[in-house]
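**Student:**
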Amino acid sequence: MMQRLLTSAALLLTLSLPTAAHAWTAFGHRLVALLAYDQLSPAAKAQVDELLALEPGADIGTIAPWADEVRRTPGYEDTGPLHYVNFPYRSCSYAPARDCAGGACVIGALERYSAALADRAQPREKRLEALKFTVHFAGDIHQPMHAGNRDDRGGNGFQVNVKGKGSNLHAVWDHDLLRSAGLSLAAYRARLAPQVATADVEPMDFTAWALESCRLLDDEGVYPKRPGTLPKAYLDAHRPLAEARVVLAAARLAALLESRLGAVAN
């Protein structure tokens, strides 16, 4: 009897812990997508809107979290690894055979889906799906924990406590940093839009984007000295970096969509 009670308690504890997180959560992904859309040329916007019209009522913000929503549904179960690329501890170096076997990482996913988006021979439904994945993964690759340490699964294994609740460092970067600003989606969009408009998008290279995110883990002191309670000071200190990553993700996504949709128009 006691063994059954202990087993049940352990199961409940496991279920209560955060699972593998989704970069930026829906709020952050929508923010990246809307900021990128604001920078598109009229021609590129028209092509995006033409694909979105296949789903009445959809806009680029509503489709941005889609890749997270479907990752456990039939037909998409194998897309989980496409949201990230993990590197050996403190080794921001990319070896495709080691880090992205079969193209199953966020770098390979962006290569494939952005190419499919540009392929006029693809059915429009397939190109819409490619748009959804491209928009989402461009956000993922700029979240430092999605190019993180393999040893702790990109911060998922680094346990912290935020405002009295158990969490992990990955979830903090997905959710808590941006939401701790207390801004609505519209307010954040207005605040960051001028920065997106002037951002330097170079290099336009997916591998470089991932390695850039990885290096931030040490360069910016993203990891606290030890697991445990995460003070408000941590959120305040690192929120500007999270915002800067959103800005760069949006600017690069806009440039990527211009490039791929421009190829379709030619």
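Going left to right, the sequence shown walks through residues -23 to -1, 1 to 243 as mature numbering (1 follows the signal peptide of the UniProt record, and there is no 0) numbers them. Just so you know, even glycine gets a beta-carbon here, dropped at the ideal spot from N, CA and C.
Do the region 160 to 174 and the region 7 to 21 meet, that is, are 3 or more Cβ pairs less than 8 Å apart?
**Tutor:** At 8 Å Cβ cutoff, the stretches touch.
**Student:** Below 8 Å, can you find three or more Cβ-Cβ pairs linking the region 137 to 153 to the region 197 to 215?
**Tutor:** Yes: the two stretches touch, three or more of their Cβ pairs being nearer than 8 Å.
**Student:** From LYS142, GLY159, ASP151, ASP45, pick the residue whose C-alpha is nearest to that of ASN133; which is it?
**Tutor:** The option with the nearest alpha carbon to ASN133 is ASP151.
**Student:** Within 10 Å of its beta-carbon, does ALA(-3) have 16 or more other beta-carbons around it, so buried, or fewer, so exposed?
**Tutor:** The predicted position of ALA(-3) is uncertain, since its pLDDT is 44 and thus under 50; a value taken from the coordinates is nonetheless stated next. Buried, since its Cβ has 16 or more Cβ neighbours within 10 Å.
**Student:** On the DSSP letters alone, give me the boundaries of the alpha helix (DSSP H) that VAL47 sits inside.
**Tutor:** Careful: VAL47 lies outside any alpha helix (DSSP H) and carries neither H nor E.
**Student:** Give every residue of the same chain whose Cβ lies closer than 6 Å to the Cβ of residue 318, excluding the five residues on either side of it in the sequence, and list them in chain order.
**Tutor:** Coverage of the chain is limited to positions -23 through 243, which leaves residue 318 absent and any answer about it impossible.
**Student:** Can you grab the Cα-Cα spacing for the pair LEU87 / ARG130, in whole Å?
**Tutor:** Their Cα atoms are separated by approximately 20 Å.
**Student:** Considering only their Cβ atoms, is the gap separating LEU169 from LEU12 smaller than 8 Å?
**Tutor:** Yes, they are a contact pair.
**Student:** On the three-state DSSP scale, how would you describe LYS142?
**Tutor:** Strand at LYS142.
**Student:** Are the region 207 to 218 and the region 155 to 162 touching by the rule of at least three beta carbon pairs closer than 8 Å?
**Tutor:** Verdict: yes, contact present.
**Student:** Quick one: using the 10 Å Cβ neighbour count with 16 as the cut-off for buried, is GLY79 buried or exposed?
**Tutor:** Answer is exposed; the Cβ neighbour count stays below 16.
**Student:** Which residues mark the beginning and the end of the alpha helix (DSSP H) in which CYS191 is found?
**Tutor:** Here the alpha helix (DSSP H) through CYS191 covers 183 to 196.
**Student:** If you draw a straight line from the C-alpha of MET(-23) to the C-alpha of LEU105, how long is it?
**Tutor:** With a pLDDT of 43 at MET(-23), under the threshold of 50, the modelled position of that residue is not reliable, and no figure is offered here.
**Student:** Examine the Cβ distances between the region 216 to 228 and the region 172 to 181 and report whether three or more of them are shorter than 8 Å.
**Tutor:** The region 216 to 228 vs the region 172 to 181: in contact.
**Student:** If you draw a straight line from the C-alpha of ASP196 to the C-alpha of SER190, how long is it?
**Tutor:** Rounded to whole angstroms, ASP196 to SER190 spans 10 Å at the Cα level.
**Student:** Whole angstroms are fine: how far does the CA of ALA115 sit from the CA of GLU46?
**Tutor:** Rounded to the nearest angstrom, the two C-alpha atoms are 16 Å apart.
**Student:** Report the three-state DSSP secondary structure of MET(-23) (helix, strand or coil).
**Tutor:** At MET(-23) the pLDDT is 43, less than 50, meaning the model places this residue with poor confidence; the figure from the coordinates comes in the next sentence. Here MET(-23) sits in coil by DSSP.
**Student:** Pick helix, strand or coil for VAL137, following the three-state DSSP scheme.
**Tutor:** Note: VAL137 maps to strand in three-state DSSP.
**Student:** In the structure shown, what three-state DSSP assignment does GLY79 receive?
**Tutor:** Helix at GLY79.
**Student:** What are the start and end residues of the alpha helix (DSSP H) that includes LYS22?
**Tutor:** Residues 19 to 29.
**Student:** Would you mind stating whether GLN16 and ALA221 have Cβ atoms separated by less than 8 Å?
**Tutor:** Their beta carbons are not under 8 Å apart, which means GLN16 does not touch ALA221 by this criterion.
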